[in-house]
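First residue of the sequence shown? That's 21 in the working numbering, and the numbers climb one at a time after it.
Where is the CB? At the ideal position from N, CA and C, for every residue including glycine.
Below is one structure, written out as structure tokens; the observations come after it.
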Amino acid sequence: MQTNLRTVLDPITRATLFDDAFWFARTKRLDYTIALNLLLGYKYEDSALVWESSRQTLRHLEAILRNSEVQEDFSVSVQFDRVEVGFYNR
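As structure tokens, then:
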């Protein structure tokens, strides 16, 4: 079940949660699966503050995946008003 984080957290908390989760994953203190699942909660995010603060994190994630063996199985599409995360099983 996905939670729309906009309904339970203010924009600053949502931005911080996003950045912290991926920082912990990057430093191997949190499994990337958890951080990526959290990303699904931002599907309907409409705060410019949240997207602006998470831009660098998303670029880092894209760079990690760019040359990885799972690149073809995973995609992140971010626009100002939504995020779509896809896992593709072949």
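Whether N50 touches F44 by CB criterion (7 Å): Here the question's residue 50 lines up with position 30 in the sequence shown. Here the question's residue 44 lines up with position 24 in the sequence shown. For clarity, residue 50 is Leu in the given sequence; the question names Asn instead. Contact: yes.
Supposed contact pair N24 and G61 - C-beta distance, whole angstroms, cut 8 Å: Within the sequence shown, the letter at position 41 stands for residue 61. Within the sequence shown, the letter at position 4 stands for residue 24. Yes, G61 and N24 are in contact; Cβ-Cβ is about 7 Å, under 8 Å.
Distance, L81 Cα to S10 Cα: In the structure as shown, the chain begins at 21 and stops at 110. Residue 10 is therefore absent and cannot be evaluated.
Cβ shell of R46 (< 8 Å), same chain only, five flanking positions each side left out: Taking the first residue of the sequence shown as 1, we reach residue 46 at position 26. Hits under 8 Å: H80.
Assigned exposure category for A83 - 16 Cβ within 10 Å defines buried: By 1-based counting over the sequence shown, the position of residue 83 is 63. Per the 10 Å Cβ criterion, exposed.
Backbone secondary structure at D51 - three-state DSSP: On the sequence shown, residue 51 is found 31 positions in, with the first residue counted as 1. Coil.
Span of the alpha helix (DSSP H) around S74: As a working note, residue 74 is residue 54 in the sequence shown. Segment A68 to R86, the alpha helix (DSSP H) holding S74.
Buried versus exposed, by CB contacts within 10 Å (16 or more), V28: By one-based count along the sequence shown, residue 28 stands at place 8. So V28 counts as exposed.
Span separating the alpha-carbon of L85 from that of L56: As a position in the sequence shown, residue 85 is number 65, starting the count at 1. As a position in the sequence shown, residue 56 is number 36, starting the count at 1. If I take the Cα positions, the gap works out to 12 Å.
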